[in-house]
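Participant:
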Amino acid sequence: SMLLSFEGILIGNSKLMFSMTKCFTDNWDNVQNVKARPDDILIATYPKAGTTWVSQILDLLYFGQTSPERQSSIPIHMRTSNPFTPHTMKQIHHIILYLLYSMQINRSLPTSPRLIKSHLPVQFVPKSFWEQNCRIVYVARNAKDTAVSYFHFGRMNMFQPEPGEWSSFLQHFIQGEVVFGSWYDHVRGWWEKKQTHSKLHYMFYEDLIEDTGREIDRLCSFLGLSPSAEERERIRGAVQFDNMKKNKMTNYSTVPSMDLKVSSFIRKGKVGDWKNHFTVAQSEQFDEDYKKKMKNTTLQFRTEI
Ligand code: A3P
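For the sequence shown, the UniProt record's numbering assigns the number 7 to the initial residue and increments by one for each residue that follows.
Given below as structure tokens:
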């Protein structure tokens, strides 16, 4: 369909290309002209890195005390605004659902800071976010688990291209022929940006799994927040895998384009699920290619903990 064809994007003389769905490239000028506010918080990730998890943590940190009805009545993808979504059926759907949900809320929602979610590679972030010096939380996850999670996401989400068989999806992932392009370029590009941009907090999914409380503390010190010990514990409990999986406002059960009977959105939540998908040969091929693509970077990932 028109929505799902791949396109590269060429900006000016830049040769930067990444594959993207057509509905996005058609809307490119609108994406680039998004106006940021100085207190916006950008949640930047490659898809399947733990976007929803960190979004829920941020939402609770900022609004858990002041407007708990946000968490109890609005699905997470509507609490994080996404000004990058083009005008498609998907957006119309979002608007209708948003109106339905907001009608259930008596008090008006706090409007700042805006939590803005984006999967864009660093080079494509609208310049307004840099001009306003917005804080950015980047979340990265090891490539193998990301590929597996992305595969299952493609199976259940009708707005993703059909992933086909695992073995062919994996080759597309390695080649960067998936929506939002190369994982390798994405995580490296943002890692390099972090070296010069002090308002960028780079987190790892594996660290969150290992010690969620510690990662919440680090996030708070980056953001200059100091929740009480009880509040911090409450948040840590609320964002545990099982709790987010059964919470209708975080498990994407409200999103009509996703078929949770095919695969859950909050699916497994593990480090190392790749071992259940990669054959030995696939793993060896992947590792060899990985070494080449990631040789000139200090960025390190854990594929098991
Ligand atoms: P799996 O498919 O490996 O289970 P994103 O939000 O960026 O799309 O990422 C989705 C991935 O994050 C899924 O990975 C999902 O299960 C995992 N995830 C979401 N919430 C989580 C939580 N509270 N704890 C652990 N993993 C979580």
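Beta carbons are placed, not taken as given, at the ideal position from N, Cα and C, and that holds for glycine.
1. Need the endpoints of the beta strand (DSSP E) that Phe210 sits in, please.
2. Among Lys299, Gly160 and Thr256, which residue has its Cα nearest to the Cα of Asp265?
3. Please report the residue range of the beta strand (DSSP E) in which Leu66 lies.
4. Quick one: grab the DSSP three-state call for Ser174.
5. Could you check where the alpha helix (DSSP H) with Thr218 kicks off and where it finishes?
6. Helix or strand or just coil, what does DSSP make of Thr303?
7. In whole angstroms, what is the alpha-carbon distance linking Gly14 and Ser188?
8. Please confirm whether any heavy atom of the ligand A3P lies closer than 7 Å to the CB of Lys252.
9. What does the Cβ neighbour count give for Pro262, buried or exposed, with the cut at 16 atoms within 10 Å?
10. What's the call for His83, buried or exposed, on a 16-neighbour Cβ count within 10 Å?
11. When you compare only the Cα positions, how much space is there between Met95 and Ala235?
12. Straight-line CA distance for Phe284 to Ser73?
13. Tell me the residue span of the beta strand (DSSP E) that contains Lys199.
14. Ordered along the chain, which non-local residues of its own chain (more than five positions away) have a Cβ less than 6 Å from that of Lys150?
15. Let's test the definition: count the other Cβ atoms within 10 Å of the Cβ of Gln201 and tell me whether it reaches 16, buried, or not, exposed.
16. Expressed to the nearest angstrom, what Euclidean distance is found between the alpha-carbon atoms of Ile47 and Thr86?
17. Could you say which of Gly219, Ile215, Arg238 and Val193 lies nearest to Asn302 if we only look at CA atoms?
18. Tell me the rounded alpha-carbon separation between Gln288 and Pro169.
19. Lys150 lies in the alpha helix (DSSP H); which residues open and close that run?
20. Which value, in whole angstroms, describes the spacing of the CA atoms of Ala146 and Ile241?
21. Could you have a look at Met84 and say whether DSSP puts it in helix, strand or coil?
Facilitator: Reading from the atomic positions:
1. Along the sequence shown, one-based indexing puts residue 210 at 204. Note, Phe210: beta strand (DSSP E), Leu206 to Phe210.
2. The residue given as residue 265 occupies position 259 in the sequence shown. Answer by Cα proximity: Gly160.
3. Indexing the sequence shown from 1 puts residue 66 at position 60. Looking at the DSSP string, Leu66 is not in any beta strand (DSSP E); the run it does join, the alpha helix (DSSP H), is Thr57 to Phe69.
4. The count along the sequence shown starts at 1 and reaches residue 174 at position 168. It is helical.
5. To locate residue 218, count along the sequence shown from 1; it is residue 212. Looking at the DSSP string, the run of the alpha helix (DSSP H) that includes Thr218 is Thr218 to Leu229.
6. Within the sequence shown, the letter at position 297 stands for residue 303. It is coil, neither helix nor strand.
7. Here residue 14 refers to the residue found at position 8 when the sequence shown is read from its first residue. Here residue 188 refers to the residue found at position 182 when the sequence shown is read from its first residue. Low per-residue confidence applies at Gly14: pLDDT is 43, beneath 50, and the placement is therefore not dependable enough to give any value.
8. For the purposes of this step, residue 252 is taken as residue 246 along the sequence shown, with counting starting at 1. No, Cβ of Lys252 sits at least 7 Å from all heavy atoms of the ligand A3P.
9. In the sequence shown, counting from the first residue as 1, residue 262 sits at position 256. Counting Cβ neighbours within 10 Å, Pro262 comes out exposed, since fewer than 16 surround it.
10. Taking the sequence shown and counting its residues from 1, one reaches residue 83 at position 77. By the neighbour-count rule (16 or more Cβ atoms within 10 Å), His83 is buried.
11. Along the sequence shown, read from residue 1 onward, the residue named residue 95 stands at position 89. Along the sequence shown, read from residue 1 onward, the residue named residue 235 stands at position 229. Per-residue confidence for Met95 stands at a pLDDT of 49, beneath the threshold of 50, marking its modelled position as unreliable; no derived number is given.
12. For the purposes of this step, residue 284 is identified with residue 278 of the sequence shown, where counting begins at 1. For the purposes of this step, residue 73 is identified with residue 67 of the sequence shown, where counting begins at 1. Looking at the two C-alpha atoms, the distance is approximately 44 Å.
13. If you number the sequence shown from 1, residue 199 lands on position 193. No beta strand (DSSP E) holds Lys199; the alpha helix (DSSP H) holding it covers Trp189 to Thr202.
14. Position 144 of the sequence shown, counting from 1, holds the residue named residue 150. Trp280 and Thr309, listed in sequence order.
15. Reading the sequence shown from its first residue, position 195 is the one you call residue 201. Exposed: under 16 other Cβ atoms inside 10 Å.
16. One-based indexing of the sequence shown puts residue 47 at position 41. One-based indexing of the sequence shown puts residue 86 at position 80. The straight-line gap from Cα to Cα measures roughly 10 Å.
17. Walking along the sequence shown from the start, residue 302 turns up at place 296. Ranking the options by Cα distance to Asn302, first place goes to Val193.
18. As a position in the sequence shown, residue 288 is number 282, starting the count at 1. As a position in the sequence shown, residue 169 is number 163, starting the count at 1. Whole-angstrom Cα-Cα distance: 17 Å.
19. Sequence index remark: in the sequence shown, residue 150 carries index 144 (1-based). First-last of the alpha helix (DSSP H) with Lys150: Ala149 to Met162.
20. Working through the sequence shown from its first residue, we reach residue 146 at position 140. Working through the sequence shown from its first residue, we reach residue 241 at position 235. When rounded, the distance between both Cα atoms is 21 Å.
21. As a first step, residue 84 must be located in the sequence shown, where it is residue number 78. DSSP places Met84 in helix when its eight states are reduced to three.
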